[in-house]
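Peer 1: Okay, here's the structure, questions in a sec.
2 protein chains.
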Amino acid sequence: MQHELLLQHIARHISLTNEEEEQIISLFKSKKLKKKQFLLQEGDVQRQAAFVTTGCLRSYSIDKNGFEHVLQFAPPGWWIGDMRSFIHQQPATLYIDAIDDSEILLVQKTELEQLYTNIPKLERFFRILAENSLATYQHRLIDNLSLSAMERYNNFCQIYPSLIEYLPQKQVASYIGVTPEFLSKMLSQEKAKKS
Amino acid sequence: MQHELLLQHIARHISLTNEEEEQIISLFKSKKLKKKQFLLQEGDVQRQAAFVTTGCLRSYSIDKNGFEHVLQFAPPGWWIGDMRSFIHQQPATLYIDAIDDSEILLVQKTELEQLYTNIPKLERFFRILAENSLATYQHRLIDNLSLSAMERYNNFCQIYPSLIEYLPQKQVASYIGVTPEFLSKMLSQEKAKKS
């Protein structure tokens with residue numbers, strides 16, 4: 001079931017034979033994370049790529065004043081990672097933890113490299129995946145530089161429609177870059193305007 | 196010479212035969228841009244991927260108050276684009292123009308797709324390229340959320356060491372997300388601290 005989600009996800013961009021599917025399944029290992037459990041902490045090296053199958057993970061940094069800044073949420077069907085740490089095998093600057101009890105599939109970087117050799121069309125899959133993420137990050141960065149908090153909140157709702165009811169408001173606030181108090185006040189004012 | 200830079204750039208990640216190199220060269224067309232000339236404007240669809248060989252380009256958005264927000268600079272050896280527009284062939288939200296007289300190589304999206312079919316290892320090249328960019332964007336986003344303007348300025352100097360003397364200060368200010376006046380004052384204070 002867990003691997004089924006991964007295979008469906010890959011099938012959106014490339015076609016695999018049964019043998020190739022089995023080879024992939026054999027290398028992606030399942031792991032359970034309890035709510036608040038860490039997958040990665042600052043200073044760790046991220047040695048595995050992570051694909052979320054149930055629950056939800058988030059990546060974030062903690063600044064020198066102790067404030068958390070959420071980079072990404074990963075509900076089922078999403079990948080999550082500190083890309084610089086994973087690519088260059090250097091210490092991470094991000095934390096990744098589970099917002100809820102979650103299950104993920106992990107593949108070692110070395111085994112993923114082996115998969116690229118054995119199944120070259122996976123290069124295509126991960127190219128498309130990386131380019132789509134890149135497009136999202138480009139626009140999030142521009143949004144952060146140029147949009148109001150309310151506009152950033154509306155964009156969040158578009159990117160993560162399934163999370164808006166699910167997440168505690170303080171997590172959403174940390175993603176859009178405002179305090180929980182500010183977000184709460186802003187949403188009340190918006191509601192008042194509409195009523 | 197222009198194509199030589201592109202081939203050197205590709206050779207950092209994959210090996211091409213002479214025939215493959217020729218095929219690539221035949222599809223990347225040279226274009227000159229004068230200082231301030233646009234490659235892309237908001238609302239256009241980006242139909243070509245762009246690789247800079249001389250000069251410097253920048254991508255930016257203009258917010259509803261008329262302020263520019265620089266997403267990226269592209270000196271020689273860099274790619275530049277509105278990824279969402281290019282991938283999905285939808286209207287761009289970014290502007291791209293030349294900061295200086297520049298030369299670029301352009302390849303049509305449809306021809307790039309053809310190259311992926313003819314030379315599958317290009318998938319690998321562009322996967323690595325996209326993943327590296329993704330790592331850079333992840334950290335820039337976190338930096339924008341969590342670092343001071345001086346720390347963002349120092350990161351800019353690390354990412355673009357060749358540009359720090361070359362660019363007008365207002366461009367750098369727009370990249371790190373402060374006004375030119377603020378940047379100028381901040382750098383004077385920093386200089387005074389060090390002397």
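Protein sequence lines, in the order shown, are assigned to chains A and B. For the first sequence, this note's numbering begins at 1 and goes up steadily by one. For the second sequence, this note's numbering begins at 196 and goes up steadily by one. All C-beta atoms, glycine included, are put in the ideal place defined by N, C-alpha and C.
Helix, strand or coil for tyrosine 60 of chain A per DSSP?
Peer 2: Within the first sequence, numbered from 1, the residue matching residue 60 of chain A stands at position 60. Correct three-state label for tyrosine 60 of chain A: strand.
Peer 1: Using only CA atoms, which one of B/Gln218, B/His198, B/Val240 lies nearest to lysine 304 of chain B?
Peer 2: As a first step, residue 304 of chain B is located in the second sequence; it is residue number 109 there, counting from the start. Of the listed residues, the one whose Cα sits closest to lysine 304 of chain B is B/Val240.
Peer 1: With DSSP collapsed to three states, give me the class of asparagine 292 of chain B.
Peer 2: On the second sequence, residue 292 of chain B is found 97 positions in, with the first residue counted as 1. Looking at the sequence shown, residue 292 of chain B is not asparagine but aspartate. Residue state, collapsed to three classes: strand.
Peer 1: Mind pulling the chain B residues with CB within less than 7 Å of serine 133 of chain A?
Peer 2: In the first sequence, the residue the question calls residue 133 of chain A occupies position 133. Within chain B, the residues near serine 133 of chain A are Leu329.
Peer 1: Report buried or exposed for alanine 192 of chain A, applying the criterion of at least 16 other Cβ atoms within 10 angstroms of its Cβ.
Peer 2: Start at 1 with the first residue of the first sequence, and residue 192 of chain A comes out as number 192. The residue in question, alanine 192 of chain A, is exposed, as its Cβ has fewer than 16 Cβ neighbours within 10 Å.
Peer 1: I'd like to know whether the C-beta atoms of leucine 266 of chain B and asparagine 144 of chain A end up nearer to each other than 8 Å.
Peer 2: Here residue 266 of chain B corresponds to residue number 71 of the second sequence, with the count starting at 1. Here residue 144 of chain A corresponds to residue number 144 of the first sequence, with the count starting at 1. No.
Peer 1: Whole angstroms are fine: how far does the CA of glutamate 318 of chain B sit from the CA of serine 254 of chain B?
Peer 2: Counted from its first residue, the second sequence places residue 254 of chain B at position 59. Counted from its first residue, the second sequence places residue 318 of chain B at position 123. If I take the Cα positions, the gap works out to 25 Å.
Peer 1: Mind checking which residues open and close the beta strand (DSSP E) that includes glutamine 108 of chain A?
Peer 2: Within the first sequence, numbered from 1, the residue matching residue 108 of chain A stands at position 108. Note, glutamine 108 of chain A: beta strand (DSSP E), 102–108.
Peer 1: With a cut-off of 8 Å on the beta carbons, I'd call proline 271 of chain B and threonine 248 of chain B a contact; round off their distance for me.
Peer 2: Locating residue 271 of chain B in the second sequence gives position 76, where the first residue counts as 1. Locating residue 248 of chain B in the second sequence gives position 53, where the first residue counts as 1. Indeed, because the Cβ distance is near 6 Å, the residues count as touching under 8 Å.
Peer 1: Suppose contacts are defined by Cβ-Cβ distances below 8 Å. Is alanine 149 of chain A in contact with isoleucine 176 of chain A by that definition?
Peer 2: Within the first sequence, numbered from 1, the residue matching residue 149 of chain A stands at position 149. Within the first sequence, numbered from 1, the residue matching residue 176 of chain A stands at position 176. Cβ distance < 8 Å, so alanine 149 of chain A and isoleucine 176 of chain A count as in contact.
Peer 1: From the DSSP secondary-structure annotation, give me the bridge partner or partners of phenylalanine 233 of chain B.
Peer 2: For the purposes of this step, residue 233 of chain B is identified with residue 38 of the second sequence, where counting begins at 1. Looking at the DSSP assignment, phenylalanine 233 of chain B forms a beta bridge with B/Asp292.
Peer 1: At the level of alpha carbons, what is the spacing between proline 286 of chain B and glutamate 237 of chain B?
Peer 2: To locate residue 286 of chain B, count along the second sequence from 1; it is residue 91. To locate residue 237 of chain B, count along the second sequence from 1; it is residue 42. Going by the C-alpha atoms only, they are around 7 Å apart.
Peer 1: Reducing DSSP to helix, strand and coil, say where serine 188 of chain A ends up.
Peer 2: Stepping through the first sequence from its first residue, residue 188 of chain A is reached at position 188. Of the three classes helix, strand and coil, the one that applies to serine 188 of chain A here is helix, per DSSP.
Peer 1: Count Cβ pairs between the stretch 26–43 of chain A and the stretch 99–116 of chain A that sit closer than 8 Å; are there 3 or more?
Peer 2: Touching, yes, given that three or more Cβ pairs across the two stretches are closer than 8 Å.
Peer 1: Between the alpha carbons of isoleucine 220 of chain B and methionine 381 of chain B, how many angstroms are there, rounded?
Peer 2: Numbered from 1 along the second sequence, position 25 holds the residue referred to as residue 220 of chain B. Numbered from 1 along the second sequence, position 186 holds the residue referred to as residue 381 of chain B. Whole-angstrom Cα-Cα distance: 46 Å.
Peer 1: Of all Cβ atoms in chain A, is any one closer than 8 Å to the Cβ of serine 210 of chain B?
Peer 2: If you number the second sequence from 1, residue 210 of chain B lands on position 15. Chain A, which has no Cβ nearer than 8 Å to the Cβ of serine 210 of chain B, makes this no.
Peer 1: How big is the Cα-Cα spacing for arginine 207 of chain B and glutamine 189 of chain A?
Peer 2: Position 12 of the second sequence, counted from the start, is the residue given in the question as residue 207 of chain B. Position 189 of the first sequence, counted from the start, is the residue given in the question as residue 189 of chain A. Those two C-alpha atoms are separated by around 53 Å.
Peer 1: Against chain B, does glutamine 138 of chain A count as a neighbour if the rule is that its beta carbon must be under 8 Å from one of theirs?
Peer 2: Your numbering for residue 138 of chain A matches position 138 in the first sequence. Chain B, which has a Cβ nearer than 8 Å to the Cβ of glutamine 138 of chain A, makes this yes.
Peer 1: Can you name the residues that DSSP bridges to histidine 69 of chain A?
Peer 2: In the first sequence, residue 69 of chain A corresponds to position 69, counting from 1. Answer is A/Ser61.
Peer 1: If the criterion is Cβ atoms closer than 8 Å, does the pair leucine 39 of chain A and aspartate 97 of chain A meet it?
Peer 2: Numbered from its first residue, the first sequence carries residue 39 of chain A at position 39. Numbered from its first residue, the first sequence carries residue 97 of chain A at position 97. Against a cut-off of 8 Å, the Cβ pair of aspartate 97 of chain A and leucine 39 of chain A comes out as a contact.
Peer 1: Buried or exposed for histidine 283 of chain B, going by 16 or more other Cβ atoms inside 10 Å?
Peer 2: Taking the second sequence and counting its residues from 1, one reaches residue 283 of chain B at position 88. Exposed is the call here.
Peer 1: Whole angstroms is fine: what's the gap from histidine 3 of chain A's alpha carbon to isoleucine 99 of chain A's?
Peer 2: Residue numbering aside, residue 3 of chain A sits at position 3 when the first sequence is read from its first letter. Residue numbering aside, residue 99 of chain A sits at position 99 when the first sequence is read from its first letter. The alpha-carbon atoms of histidine 3 of chain A and isoleucine 99 of chain A are separated by roughly 21 Å.
Peer 1: Cutting at 6 Å between CB atoms, please list the residues of its own chain near lysine 229 of chain B, excluding the five before and the five after it.
Peer 2: The residue you call residue 229 of chain B lines up with position 34 of the second sequence. Around lysine 229 of chain B: Asp296.
Peer 1: Please state whether DSSP places phenylalanine 51 of chain A in a helix, a strand or coil.
Peer 2: Here residue 51 of chain A refers to the residue found at position 51 of the first sequence. The answer is strand: DSSP assigns phenylalanine 51 of chain A an E or B state.
Peer 1: Answer with yes or no whether the minimum CB distance from asparagine 339 of chain B to chain A is below 8 Å.
Peer 2: Locating residue 339 of chain B in the second sequence gives position 144, where the first residue counts as 1. Judged by the 8 Å Cβ criterion, asparagine 339 of chain B is in contact with chain A.
Peer 1: Got a sec, what are the start and stop residues for the alpha helix (DSSP H) serine 146 of chain A sits in?
Peer 2: Residue numbering aside, residue 146 of chain A sits at position 146 when the first sequence is read from its first letter. Per DSSP, serine 146 of chain A belongs to the alpha helix (DSSP H) from 121–146.
Peer 1: Of all the residues that make up the stretch 109–130 of chain A, which are near chain B by a beta-carbon distance shorter than 8 Å?
Peer 2: Listed by position, the residues of the stretch 109–130 of chain A near chain B (Cβ gap below 8 Å) are Tyr116, Pro120, Lys121, Glu123, Arg124, Phe126, Arg127, Ala130.
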